[in-house]
Amino acid sequence: MRALQLVAPSTLAVVDLPAPVPGEGEVRLRVKACGICGSDLHGMDGSSGRRIPPLVMGHEASGTVDAVGEGVTAWKAGDRVTFDSTVWCGECGYCREGRVNLCDARQVVGVACAEFRRDGAFAELVTIPQRILHRLPDALSFEEAAFAEPVGVALHAVNRAGEIAGRTALVVGAG
Numbered sequence: 000m001r002a003l004q005l006v007a008p009s010t011l012a013v014v015d016l017p018a019p020v021p022g023e024g025e026v027r028l029r030v031k032a033c034g035i036c037g038s039d040l041h042g043m044d045g046s047s048g049r050r051i052p053p054l055v056m057g058h059e060a061s062g063t064v065d066a067v068g069e070g071v072t073a074w075k076a077g078d079r080v081t082f083d084s085t086v087w088c089g090e091c092g093y094c095r096e097g098r099v100n101l102c103d104a105r106q107v108v109g110v111a112c113a114e115f116r117r118d119g120a121f122a123e124l125v126t127i128p129q130r131i132l133h134r135l136p137d138a139l140s141f142e143e144a145a146f147a148e149p150v151g152v153a154l155h156a157v158n159r160a161g162e163i164a165g166r167t168a169l170v171v172g173a174g
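The sequence shown begins at 0 in numbering that gives the first Met the number 0 and counts up by one.
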């Protein structure tokens, strides 16, 4: 499969890689659209320590299920999906409390650091744990669906802010 890979700090190349094989509880997604996050742009020079080459970046994506791994029953080839970029374990105390962003074993799609490496969606195919998939309505285009993750972040911030009508709010974001 073809992929856009970070091959060295600040150096991207289109490369041919073996197609990923979905493991137990995973699906393989045929990527139809993938956004470029600010964290990909400012992380690719290596200064953040979260984009260690070689790495296929990209975590704001949508596509169709291409294949399923063992134990996957809720998804089938052709299903239209997007995914949460945070891969959580489901077992630790944080996950049991619904605070998956603080998971003890947290990983992020399209990120490589000292603790983990998980290739992302700047590729034709990517494997994703079934527990972070979200089904897409037919009326939503793949390009629109690729914005689900950043829109979800903004919506979460608005919900956490509470009632702010008539008040001043500062919105800060860096990708």
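Heads up, the beta-carbon is just placed ideally off N, CA and C, and yes, glycines get one too.
Start and end residues, beta strand (DSSP E) containing residue i
i, result
"E25", "25 to 34"
Residue i versus residue j - alpha carbon distance
i, j, result
"G70", "G24", "5 angstroms"
"L139", "C112", "33 angstroms"
"S46", "E143", "30 angstroms"
"T10", "H41", "13 angstroms"
"A66", "E96", "31 angstroms"
"L169", "Q129", "36 angstroms"
Cutoff 6 angstroms; reference residue i; Cβ partners in own chain excluding five residues on either side
i, result
"A76", "V64"
"G57", "C33, G109, G119, A120, F121"
One or two residues paired with residue i in a DSSP bridge
i, result
"R1", "D15"
"E59", "G34"
"I127", "V26"
"T10", "A7"
"T85", "V107"
Run of the alpha helix (DSSP H) containing residue i, from where it starts to where it stops
i, result
"V152", "147 to 160"
"F141", "141 to 144"
"R79", "Element bounds for R79: not the alpha helix (DSSP H) but the beta strand (DSSP E), 79 to 82."
Sequence-distant residues of its chain with Cβ nearer than 8 angstroms to residue i (five each side left out)
i, result
"A7", "P52"
Contact check, residue i vs residue j, beta carbons under 9 angstroms
i, j, result
"D83", "I131", "yes"
"T85", "A145", "no"
"P204", "T126", "An answer regarding residue 204 cannot be provided, because it is not within the stretch 0 to 174 covered by the chain."
"F115", "S61", "no"
Nonlocal neighbours in the same chain, by C-beta distance under 7 angstroms from residue i, ignoring five residues either side
i, result
"W87", "C94, V99, C102, R105"
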